[in-house]
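Note that numbering that gives the first Met the number 0 gives residue 87 to position 88 of the sequence shown, counting from 1, and the numbers run on in steps of one. By construction, the Cβ of each residue, glycine as well, lies at the ideal position given by its N, Cα and C atoms. Notes follow once the structure below has been shown.
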Amino acid sequence: MTVHRIGLALGSGSARGWAHIGVIKALAAHGIHPHIVCGSSIGALVGAAYVTGKLDDLESWARKITWRKMARLLDFKFANGGVIEGDRMMRFLRDLQDDALIESLDTPFAAVAADLATGHEVWLREGSIIDAVRASMALPGIFSPVALEDWRLADGGLVNPVPVAPCRALGADLIIAVNLNGDLVGRRVHRRNGGRSRRSLRAAILERVAKDLPNGLRNTAGMIAPQLLGAGTHTLGYFDVIFGAINVMQDRITRNRMAADPPDVMLSPGLRQIGLLEFNRAEEAIEEGHAAVDQMLPVLKDVLGPIRRKAHHRHG
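Quick look at the structure:
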């Protein structure tokens with residue numbers, strides 16, 4: 000039987016990225032354990048948790064997240080090229096998992112980021128895995144860019160939303176890719192509890208902004224939060240415009256790159272009902288990740304051949 004080096008390319012997609020947890024768990028349940036993992040943005044976060052054995056911890060945290068807990072991770076500074084500085088996110092990542100040197104991991108890993116100075120795609124394959132994840136998740140206009148070596152790095156989804164090429168470069172000869180945005184662009188979606196969800200997020204952001212602003216400016220928090228999130232259910236805010244624009248761009252980039260360098264198997268969880276900021280809907284996203292694997296299992300079996308239940312690597 001041919002033994003493949005399986006690469007797993009985990010795509011960008013903000014809150015929809017919790018689906019990656021379901022994908023990885025479902026693949027493992029069917030005896031499929033990737034030898035190489037690459038991630039872009041939220042895909043880098045979930046991929047890093049997997050290769051460091053902390054996926055169960057991340058899943059447990061994600062399933063319990065609330066708007067208020069999420070807002071506590073955001074440090075509003077309105078400086079350094081972003082609305083959010085990202086220091087609290089770094090502390091969260093270090094609390095969630097021990098930092099590790101990427102080159103010391105048993106499973107080859109790369110996080111994708113974009114160099115804002117050159118526009119080049121950067122594959123972070125050495126150094127701190129937490130620094131790599133933070134850089135890969137630095138959404139432009141929202142999180143401050145990350146300075147690493149001579150680069151000023153921003154979200155990997157700007158250049159490679161579904162990182163097939165890094166998997167291939169690291170030695171994968173069979174690639175399973177996860178596209179979180181395959182069913183989103185061009186379709187109007189009615190989201191369950193969308194108005195209530197937005198009001199809850201607005202309240203949590205308002206509370207966080209009020210705490211982060213200097214004393215003399217705290218009375219302006221009530222004006223800032225609606226600008227960030229929109230004043231009503233059908234009003235666009237700053238975050239809506241940024242996320243919407245990035246979503247359109249990533250969809251076009253993904254289509255072009257997949258046409259030029261397609262994976263062997265593409266998984267596209269049905270996530271259109273989950274907003275980009277709805278991190279509190281992890282349970283639904285994880286279930287959709289499981290469902291995407293189950294739906295494509297005949298294709299996976301055909302591509303991989305007989306699937307052994309004995310793991311190549313077992314990660315938490």
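If you run the structure through DSSP and keep just helix, strand and coil, what is residue i?
| i | result |
| --- | --- |
| Leu317 | Outside the displayed range of the chain (0 to 315) lies residue 317, so it cannot be described from this structure. |
| Ile64 | coil |
| Leu299 | helix |
| Asp250 | helix |
| Ser127 | strand |
| Met69 | helix |
| Arg217 | The pLDDT assigned to Arg217 is 47, lower than 50, so where the model puts this residue is not dependable; a value taken from the coordinates is nonetheless given after this. Three-state result, Arg217: helix. |
| Glu148 | coil |
| Arg285 | Per the sequence shown, the amino acid found at residue 285 is Ile instead of Arg. Correct three-state label for Ile285: helix. |
| Ala110 | strand |
| Ser39 | strand |
| Glu277 | coil |
| Gly193 | With a pLDDT of 49 at Gly193, under the threshold of 50, the modelled position of this residue cannot be trusted, and the question is left open. |
| Asp154 | strand |
| Leu235 | coil |
| Leu95 | helix |
| Ile241 | helix |
| Ile101 | helix |
| Leu270 | coil |
| Met257 | helix |
| Met88 | helix |
| Arg187 | Only weak support exists for where Arg187 lies, its pLDDT of 46 falling under 50; the value from the coordinates is given anyway. Arg187: coil per DSSP, three-state reduction. |
| Arg308 | Bear in mind that the predicted position of Arg308 carries a pLDDT of just 45, short of 50, making it unreliable; the figure below should be weighed with that in mind. Residue state, collapsed to three classes: coil. |
| Ser143 | coil |
Nearest to residue i by alpha carbon, out of the options?
| i | options | result |
| --- | --- | --- |
| Asp114 | Arg71, Ala153, Thr253, Leu299 | Ala153 |
| Leu7 | Leu26, Ala61, Glu102, Pro33 | Pro33 |
| Val158 | Ala176, Ala112, Val264 | Ala112 |
| Ile101 | Pro297, Arg251, Leu123 | Leu123 |
| Pro268 | Phe108, Val145, Ile285 | Ile285 |
| Trp66 | Lys300, Asp301, Arg280 | Arg280 |
| Val121 | Ala28, Arg151, Ser127 | Arg151 |
| Val264 | Met69, Val302, Glu287 | Val302 |
| Phe142 | Gly85, Ile175, Ala109 | Gly85 |
| Gly10 | Asp293, Leu296, Pro262, Arg93 | Pro262 |
| Arg271 | Ala168, Ala258, Met88, Asn246 | Asn246 |
| Arg149 | His119, Gly12, Leu173 | The amino acid at residue 149 is misidentified as Arg; the sequence shows Asp. Of His119, Gly12, Leu173, the residue nearest in Cα terms is His119. |
| Asp250 | Gly156, Pro144, Ile83 | Gly156 |
| Ile175 | Asp260, Leu73, Arg71 | Asp260 |
| Phe91 | Gly126, Ala109, Leu299, Leu72 | Leu72 |
| Ala291 | Gly304, Leu266, Leu299, Gly274 | Leu266 |
| Ile241 | Arg4, Gly12, Ile5 | Gly12 |
Quick one: is residue i buried, meaning 16 or more other Cβ sit within 10 Å of its Cβ, or exposed?
| i | result |
| --- | --- |
| Pro162 | buried |
| Pro165 | buried |
| His314 | Here the model assigns His314 a pLDDT of 47, short of 50, so the residue's position is not dependable, and the following value carries that caveat. Result: buried. |
| Glu58 | buried |
| Glu282 | exposed |
| Asp130 | buried |
| Gly117 | According to the sequence shown, residue 117 is Thr rather than Gly. Thr117 comes out exposed. |
| Thr106 | buried |
| Glu277 | buried |
| Thr219 | Residue confidence is low: Thr219 scores 49 on pLDDT, short of 50, so the model does not pin down where it sits. No coordinate-derived value is stated. |
| Leu235 | exposed |
| Gly170 | exposed |
| His289 | buried |
| Ser103 | exposed |
| Thr253 | buried |
| Glu287 | buried |
| Gly243 | exposed |
| Ile297 | Note on residue identity: the sequence assigns Pro, not Ile, to residue 297. By the 10 Å Cβ count, Pro297 comes out exposed. |
| Ala146 | exposed |
| Ala28 | exposed |
With hydrogens ignored, establish whether the beta-carbon of residue i is closer than 7 Å to any heavy atom of the ligand NAP.
| i | result |
| --- | --- |
| Pro268 | In the structure on display, the ligand NAP does not appear, and there are no ligands present to speak of. |
(request) Would you check if the segment 173-183 and the segment 126-143 touch, i.e. whether three or more CB-CB distances between them fall below 8 Å? (result) They do not touch, by the three-pair rule.
(request) Entirely within the segment 157-182 and at least 3 residues each: give me those beta strand (DSSP E) ranges in chain order. (result) If only complete runs of 3 or more residues are kept, the segment 157-182 shows the beta strand (DSSP E) at 173-177, in order along the chain.
(request) Check whether the segment 92-105 touches the segment 42-57, counting contact only when three or more Cβ pairs, one atom from each stretch, lie closer than 8 Å. (result) Short answer: they touch.
(request) Just list the alpha helix (DSSP H) runs in the segment 1-33, keeping only unbroken ones of 4 residues or longer that don't cross its boundaries, in chain order. (result) Qualifying alpha helix (DSSP H) stretches, in chain order: 18-28.
(message) Pairs of beta-carbons, one from the segment 9-17 and one from the segment 33-48, closer than 8 Å: are there three or more?
(response) Enough Cβ pairs lie closer than 8 Å, so yes.
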